[in-house]
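Enquirer: Right, I'll just put the structure down here and ask away after.
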Ligand code: IMP
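Numbering (UniProt numbering), first residue to last: 1 to 503.
Listed below in structure tokens is the structure:
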């Protein structure tokens, strides 16, 4: 067909599985600038994001720094669960504390604490401005505030806070709106503004840094309290429900059940129990690659699906277990089914190496795209950089790699959960590998770059938004072609030496 083929023609009539690199989109008609492309995306039935990008719950990808970076840019990060409940809860709390409207649970000290107490809050959490109340608790009478400037040059760190705190305070009242409180903060030229009730008891705090961050990241993903949104992973282990409860108490916005094969009685039972106990929290189930698997989880009550099995860059599942599916086919078939059956959005998870892959995943029906390797090696990914063969790299490993499995066996006693581990005494079979990836800088530069590529792709295809792209897909107005191996080679950079440092 001269203009290419609708996706159904390729996927519904072939016995082969296709993935992103097998396909290419045909250009559509452009009648708008790329800056008009809207990238709002549906994460689950009830939650939307400003960009269709999310980070994977892997221990070399998403802890609080990645989750903060993702949320600031308009996406979301899922904090991994290969760690104790306490540690995972702490990671969620760090994201929730990072940027606030009203900080409802600020660190508070009493006049009888000393500067060392402030030092340790600063060391662990990064804050050096602490309101002081009579008994050191929120809800007690506000008597002062200690900021960096009060304690910078004091060498005796055992000095009591009552000797150094600022007593002449600017504060807001608890009936002040966030906008008015921010205006007061701006006028006062202070870094922090305590908020008190009619009895002069401390009820909240607002921060100048947060006010600045709000301006710098206008598309940030935020909840009703203006705190950054964050997700967390759970496994189907027996403590799934209690972990969920603790994560919800810490303010998590969405939960994801992390399993490489989602259609199991364990996951179905857990989804049902979670939906019954916490109906207010959206649950993402997975992973699935067939409509049949998707149907089981949708019937159990999931609000979103994670699609992919064996497509991850560090994944050996297809080799070891001979089960999985080419990612293009998985995304097309599952998202089409989930949309028609129950209006459930799908996350295309794994195998994404560039903005073109993001574009293809969305064009095949995914609403969002989850990345592991593409975000590993960024400043926000957990772990330290090191040098390997002259390159600055960071570790990236599959959650089913021997290394991650061994770590999780060690931590099992500590309450860690794992997506691959079946029984503690079974023979350990890896379904992933570990290695390292190049330093990619910050996600704050990387993601805008990916998004710009995506905008150009959407413009070339003539789609103004993700729903527009999906409606073109469904109405067979989005055309693709399968590429031969030679065509794929032709589409890549050819016969040129790329010198380091050239752009
Ligand atoms: P990537 O973006 O291609 O690196 O793929 C990341 C995805 O691979 C994750 O979101 C998981 O779904 C999946 N994954 C993570 N660890 C493993 C593993 O050890 N084996 C198989 N798949 C994995």
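Glycine residues also receive a C-beta, built at the ideal position from the N, C-alpha and C atoms.
Since we're looking at a predicted model, the values are computed, not measured.
1) Just how far apart, CA to CA, sit residue 472 and residue 87?
2) Is it right to say residue 16 is buried, meaning 16 or more other beta carbons lie within 10 angstroms of its own, or is it exposed?
3) Tell me whether the beta-carbon of residue 323 lies closer than 8 Å to the beta-carbon of residue 316.
4) Going by the C-beta, is residue 260 closer than 7 Å to any heavy atom of the ligand IMP?
5) Is residue 377 a contact residue of the ligand IMP, with contact defined as CB to any heavy atom under 7 Å?
6) Measure the C-alpha to C-alpha separation of residue 196 and residue 41 and round it to an integer number of angstroms.
7) I'd like to know whether the C-beta atoms of residue 432 and residue 268 end up nearer to each other than 8 Å.
8) What's the gap between the Cα of residue 236 and the Cα of residue 274?
9) Going by beta-carbon coordinates alone, are residue 469 and residue 362 separated by less than 8 Å?
10) The ligand IMP and residue 271: does the residue's C-beta get closer than 7 Å to at least one heavy atom of that ligand?
11) Check the C-beta distance from residue 27 over to residue 466 and give it rounded, since I have them as a contact under 8 Å.
12) If distances are taken between C-alpha atoms only, which option among 95, 135, 390 and 345 comes closest to residue 282?
13) Just checking residue 359 against the ligand IMP - is the residue's beta carbon closer than 7 Å to any of the ligand's heavy atoms?
14) In three-state DSSP terms, what is residue 397?
15) Does the separation of the CB atoms of residue 143 and residue 107 fall below 8 Å?
16) With 16 other CB atoms within 10 Å as the buried threshold, where does residue 82 fall?
17) Looking only at its own chain, which residues have a Cβ that is under 8 Å from the Cβ of residue 191, when we skip the five neighbours before and after it?
18) Considering just the uninterrupted stretch of the alpha helix (DSSP H) at residue 125, what are its terminal residues?
19) Would the beta-carbon of residue 350 be found less than 7 Å away from any heavy atom of the ligand IMP?
20) Compare the C-alpha of residue 223 against each of 61, 438 and 252 and name the closest.
21) Please specify which runs of the alpha helix (DSSP H), each continuous and at least 4 residues long, are wholly inside the region 265 to 318, giving them in chain order.
22) What do you reckon, is the C-beta of residue 315 under 7 Å from a heavy atom of the ligand IMP?
23) Can you list the alpha helix (DSSP H) stretches of 4 or more residues lying completely in the region 430 to 473, in chain order?
24) Hey, would you say residue 327 sits closer than 8 Å to residue 348, going by beta carbons?
25) Looking at C-beta atoms only, is the number of pairs between the region 352 to 372 and the region 325 to 342 that lie closer than 8 Å three or more?
26) Does at least one heavy atom of the ligand IMP sit under 7 Å from the Cβ of residue 24?
27) At 3 residues or longer, and completely inside the region 27 to 83: list those beta strand (DSSP E) runs for me, N to C.
28) Can you tell me the Cα-Cα spacing of residue 383 and residue 60, whole angstroms?
29) If you compare alpha carbons, which of 150, 44, 180 and 139 is closest to residue 303?
30) Pick from 218, 462 and 482: whose alpha carbon is nearest that of residue 33?
31) May I ask you to report which of helix, strand or coil DSSP gives residue 137?
32) Would you give the residue range spanned by the beta strand (DSSP E) that residue 241 belongs to?
33) Between the C-alpha atoms of residue 390 and residue 439, what's the straight-line distance to the nearest angstrom?
34) Taking 6 Å as the limit between beta carbons, can you name the residues of its chain near residue 401, skipping five residues before and five after?
35) Below 8 Å between beta carbons: does that hold for residue 159 and residue 114?
Expert: Based on what the coordinates show:
1) Note on geometry: alpha-carbon atoms of residue 472 and residue 87 lie some 44 Å from one another.
2) exposed
3) Cβ distance not < 8 Å, so residue 323 and residue 316 don't count as in contact.
4) yes
5) no
6) If you take the alpha carbons of residue 196 and residue 41, they lie about 38 Å apart.
7) In this structure, residue 432 sits away from residue 268, with a CB-CB distance that is not shorter than 8 Å.
8) 11 Å
9) yes
10) no
11) At roughly 18 Å, the Cβ-Cβ gap does not stay under 8 Å, so residue 27 and residue 466 are not in contact.
12) When only C-alpha atoms are compared, the closest one is 345.
13) Taken from the Cβ of residue 359, every heavy atom of the ligand IMP lies 7 Å or farther away.
14) strand
15) no
16) buried
17) 129, 147, 207, 208 and 209
18) 115 to 125
19) At least one heavy atom of the ligand IMP is nearer than 7 Å to the Cβ of residue 350, so yes.
20) 252
21) 265 to 277 and 291 to 300
22) yes
23) 443 to 461
24) yes
25) Between the region 352 to 372 and the region 325 to 342 there are three or more inter-stretch CB-CB distances shorter than 8 Å, so the stretches are counted as touching.
26) no
27) Whole beta strand (DSSP E) segments, 3+ residues: 53 to 55 and 76 to 79.
28) 7 Å
29) 44
30) 462
31) coil
32) Unbroken run through residue 241 is the alpha helix (DSSP H), 240 to 249; no beta strand (DSSP E).
33) 12 Å
34) 430, 432, 433 and 434
35) yes
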